[in-house]
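*Asks:* The structure that follows is given in the form of structure tokens.
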Amino acid sequence: MWMPPGQNQSWVSEFILLGFSSDPTTNRTLFSAFLLLYLSSVLGNGLIITLVCLDMHLHTPMYFFLCILSLLDMSYVTTTVPQMLVHLLSRSQTISFAGCWLQMYIFGAVGLTECILFVVMAFDRYVAICSPLRYTVILSWGLCTQLSAGTWACGFFFSLIHTFFTMRLPYCGPNRVNHYFCEGPSVRDLACMDTHVIEMVDLVISVFMVVAPLSLIVASYIRIAQAIVKIKSMQARCKAFSTCASHLTVISFFYAPATYLYMRPNASYFPEQDKQVSLFYNVFTALLNPVVYSLRNEDMKRAFLKVMGR
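Per the UniProt record's numbering, residue 1 is the first one in the sequence shown, and the count goes up by one each step.
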């Protein structure tokens, strides 16, 4: 499929997403598994949002940011998984050029927003543990709103740069993307020209949106660890450690595969392996986040029992 050169930068009008398998039996099995994972992720994150909204005791900066994280995770999986489920049962695995553009943009925007949100959540824990008496003064609702809006603005802005440069490349064919969604490097690999400049642009974005946030998180937790050691009460120390451990677990699940995928040169991509890694931080992380925060958090358990009691 092609379009006249004057109508678009690209001659390709649609892409074919190869997914995980071409065997119908395997695809039906994968459909059942991914459908279960998707529904569990949406229900789990939706439950966290509902509890935070309904329970007044959870109307604090910490749970406000956790609510945003759950919303991002729901958006994350919804951007990619429903289409993948349709493709697993359909003979056609095509996605239009505009649809690919939109999917890449939203996926990148949500992912980059989550990268910055983890920094904000680390800052929240830093203030709560290192300056507990000034917690509500420092993290006022006005500041929380500004931090939230800033994370969304940065994520959507940098994703627009990445998507704009990637999708303006000339795509003359082939149009078979070896992935289950329109992921930047996989689509860029089909371009009919040298992509070194675009790779450098993506590398700069990755440094700003992955390396810099991760460095700030590490610095925050070094200070937090120093503060926890000085806490005299063993019960208070354990509670502070438990909260931080949940946050660090979620960060590890997200940043480890993301760093592996997006901090490498284009030449070192391995499609089959990268699809599995991408599936982990896209689907499994969104499922594990509510599990980690719910099972390790007494406030969430009490809120759940309170809501169920109604």
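Built from N, CA and C at the ideal position, the CB exists for glycine as well.
So, are the CB atoms of residue 213 and residue 116 less than 7 Å apart?
*Replies:* Walking along the sequence shown from the start, residue 213 turns up at place 213. Walking along the sequence shown from the start, residue 116 turns up at place 116. It is a contact, given that the beta carbons lie within the stated cut-off.
*Asks:* Under the DSSP definition of a beta bridge, which residues are partnered with residue 28?
*Replies:* Counted from its first residue, the sequence shown places residue 28 at position 28. Per DSSP, none; premise fails for residue 28.
*Asks:* Nearest to residue 75 by CA position, among 63, 94, 51 and 43, is which residue?
*Replies:* Here residue 75 corresponds to residue number 75 of the sequence shown, with the count starting at 1. Out of 63, 94, 51 and 43, 43 has the C-alpha closest to the C-alpha of residue 75.
*Asks:* Is it the case that the Cβ atoms of residue 156 and residue 98 are separated by a distance below 7 Å?
*Replies:* Here residue 156 corresponds to residue number 156 of the sequence shown, with the count starting at 1. Here residue 98 corresponds to residue number 98 of the sequence shown, with the count starting at 1. Going by C-beta atoms, residue 156 is not nearer than 7 Å to residue 98.
*Asks:* For the beta strand (DSSP E) holding residue 231, just list the boundary residues, first then last.
*Replies:* The count along the sequence shown starts at 1 and reaches residue 231 at position 231. Note, residue 231: premise wrong, no beta strand (DSSP E); not H, not E.
*Asks:* Are there 16 or more other CB atoms within 10 angstroms of the CB of residue 298, so buried, or fewer, so exposed?
*Replies:* The sequence position of residue 298 within the sequence shown is 298, counting from 1. Looking at its Cβ environment, which holds fewer than 16 other Cβ atoms inside 10 Å, residue 298 is exposed.
*Asks:* Put residue 302 into one of helix, strand or coil per three-state DSSP.
*Replies:* Here residue 302 refers to the residue found at position 302 when the sequence shown is read from its first residue. Correct three-state label for residue 302: helix.
*Asks:* To the nearest angstrom, how far is it from the Cα of residue 366 to the Cα of residue 285?
*Replies:* With the chain covering 1 to 310 only, the question about residue 366 has no answer from this structure.
*Asks:* Measuring only the C-alpha atoms, how far is residue 188 from residue 88?
*Replies:* Your numbering for residue 188 matches position 188 in the sequence shown. Your numbering for residue 88 matches position 88 in the sequence shown. Those two C-alpha atoms are separated by around 23 Å.
*Asks:* Residues in its own chain within less than 6 Å of residue 216 by CB, not counting five upstream and five downstream?
*Replies:* On the sequence shown, residue 216 is found 216 positions in, with the first residue counted as 1. Excluding positions up to five away in sequence, the list reads 119.
*Asks:* Which value, in whole angstroms, describes the spacing of the CA atoms of residue 2 and residue 12?
*Replies:* Counting from one through the sequence shown, the residue named residue 2 turns up at place 2. Counting from one through the sequence shown, the residue named residue 12 turns up at place 12. Model confidence at residue 2 stands at a pLDDT of 39, short of 50, so the residue's coordinates are unreliable and nothing is read from them.
*Asks:* Just the Cα atoms here: how many angstroms apart are residue 167 and residue 19?
*Replies:* For the purposes of this step, residue 167 is taken as the residue at position 167 of the sequence shown. For the purposes of this step, residue 19 is taken as the residue at position 19 of the sequence shown. When rounded, the distance between both Cα atoms is 20 Å.
*Asks:* Decide yes or no for the touch test of the region 132 to 139 against the region 189 to 203: beta carbon pairs closer than 8 Å, at least 3 of them.
*Replies:* Output reads no: the region 189 to 203 does not touch the region 132 to 139.
*Asks:* What three-state label does DSSP hand residue 110 in the structure shown?
*Replies:* To locate residue 110, count along the sequence shown from 1; it is residue 110. DSSP places residue 110 in helix when its eight states are reduced to three.
*Asks:* Under a three-way DSSP split, which group does residue 131 fall into?
*Replies:* As a working mapping, residue 131 is identified with position 131 in the sequence shown. Three-state DSSP puts residue 131 in coil, outside helix and strand.
*Asks:* For residue 121 and residue 270, I'd like the C-alpha separation in whole angstroms.
*Replies:* The count along the sequence shown starts at 1 and reaches residue 121 at position 121. The count along the sequence shown starts at 1 and reaches residue 270 at position 270. Distance between the alpha carbons of residue 121 and residue 270: 33 Å.
*Asks:* Excluding the five sequence neighbours on either side, which residues of its own chain have a C-beta within less than 8 Å of the C-beta of residue 79, listed in chain order?
*Replies:* Counted from its first residue, the sequence shown places residue 79 at position 79. Here the set comprises 103, 106, 107, 110 and 181.
*Asks:* Check whether the Cβ atoms of residue 206 and residue 255 lie closer than 7 Å to each other.
*Replies:* Within the sequence shown, residue 206 is the residue found at index 206, counting from 1. Within the sequence shown, residue 255 is the residue found at index 255, counting from 1. Not in contact: residue 206 and residue 255 (Cβ atoms no closer than 7 Å).
*Asks:* Over the uninterrupted alpha helix (DSSP H) stretch that includes residue 64, give me the two end residues.
*Replies:* Residue mapping note: residue 64 aligns to position 64 of the sequence shown, counting from 1. Residue 64 -> alpha helix (DSSP H) spans 61 to 89.
*Asks:* Here's a check: name, in chain order, each residue in its chain whose Cβ is nearer than 7 Å to the Cβ of residue 171, leaving out the five neighbours to either side.
*Replies:* The residue given as residue 171 occupies position 171 in the sequence shown. If we look at residue 171 and ignore the five residues flanking it on each side, its Cβ neighbours are 10, 11, 12, 190, 191 and 192.
*Asks:* Pick out whichever of 175, 152 and 199 has its Cα sitting closest to the Cα of residue 165.
*Replies:* For the purposes of this step, residue 165 is taken as the residue at position 165 of the sequence shown. Closest by alpha carbon: 199.
*Asks:* Compute the Euclidean distance between the alpha carbons of residue 317 and residue 129, then round it to the nearest angstrom.
*Replies:* Residue 317 cannot be examined here, being either before or after the span of the chain that is shown, 1 to 310.
*Asks:* For residue 6 and residue 31, I'd like the C-alpha separation in whole angstroms.
*Replies:* By one-based count along the sequence shown, residue 6 stands at place 6. By one-based count along the sequence shown, residue 31 stands at place 31. Below a pLDDT of 50, predicted positions are generally treated as unreliable, and residue 6, at 43, falls in that range; the measurement from the model is reported next regardless. So the alpha carbons of these two residues sit roughly 40 Å apart.
*Asks:* Is the beta carbon of residue 241 less than 7 Å from the beta carbon of residue 288?
*Replies:* Your numbering for residue 241 matches position 241 in the sequence shown. Your numbering for residue 288 matches position 288 in the sequence shown. Taking 7 Å as the Cβ cut-off, residue 241 and residue 288 do not qualify as a contacting pair.
*Asks:* I'd like the span of the alpha helix (DSSP H) that includes residue 17, first residue to last.
*Replies:* The residue labelled residue 17 in the question sits at position 17 within the sequence shown. Unbroken run through residue 17 is the beta strand (DSSP E), 14 to 17; no alpha helix (DSSP H).
*Asks:* When we look at the beta-carbon of residue 251 and count the other beta-carbons within 10 Å, is it buried (16 or more) or exposed?
*Replies:* Here the question's residue 251 lines up with position 251 in the sequence shown. It counts as buried.
*Asks:* Report yes if the C-beta distance between residue 68 and residue 148 is below 7 Å; otherwise report no.
*Replies:* Within the sequence shown, residue 68 is the residue found at index 68, counting from 1. Within the sequence shown, residue 148 is the residue found at index 148, counting from 1. A contact, by the Cβ cut-off of 7 Å.
*Asks:* Considering only residues of the same chain and omitting the five flanking positions on each side of residue 208, which have a CB-CB separation below 8 Å?
*Replies:* As a first step, residue 208 is located in the sequence shown; it is residue number 208 there, counting from the start. Around residue 208: 158.
*Asks:* With distances taken between CB atoms, is the gap from residue 292 to residue 249 smaller than 7 Å?
*Replies:* By one-based count along the sequence shown, residue 292 stands at place 292. By one-based count along the sequence shown, residue 249 stands at place 249. Yes, the pair counts as a contact, with Cβ atoms nearer than the cut-off.
*Asks:* Only counting the same chain, and skipping five residues up and downstream in sequence, which positions put a Cβ closer than 7 Å to that of residue 63?
*Replies:* For the purposes of this step, residue 63 is taken as residue 63 along the sequence shown, with counting starting at 1. So the qualifying residues of the chain are 52.
*Asks:* By a C-beta neighbour count over all protein chains shown, 10 Å radius and 16 as the cutoff for buried, is residue 272 buried or exposed?
*Replies:* Position 272 of the sequence shown, counted from the start, is the residue given in the question as residue 272. Per the 10 Å Cβ criterion, exposed.
*Asks:* Give the C-beta separation of residue 154 and residue 61 to the nearest angstrom, bearing in mind that I take them to be a contact with Cβ-Cβ under 8 Å.
*Replies:* Translated into the one-based positions of the sequence shown, residue 154 becomes position 154. Translated into the one-based positions of the sequence shown, residue 61 becomes position 61. With 8 Å as the limit, residue 154 and residue 61 do not qualify as a contact, their Cβ atoms being about 19 Å apart.
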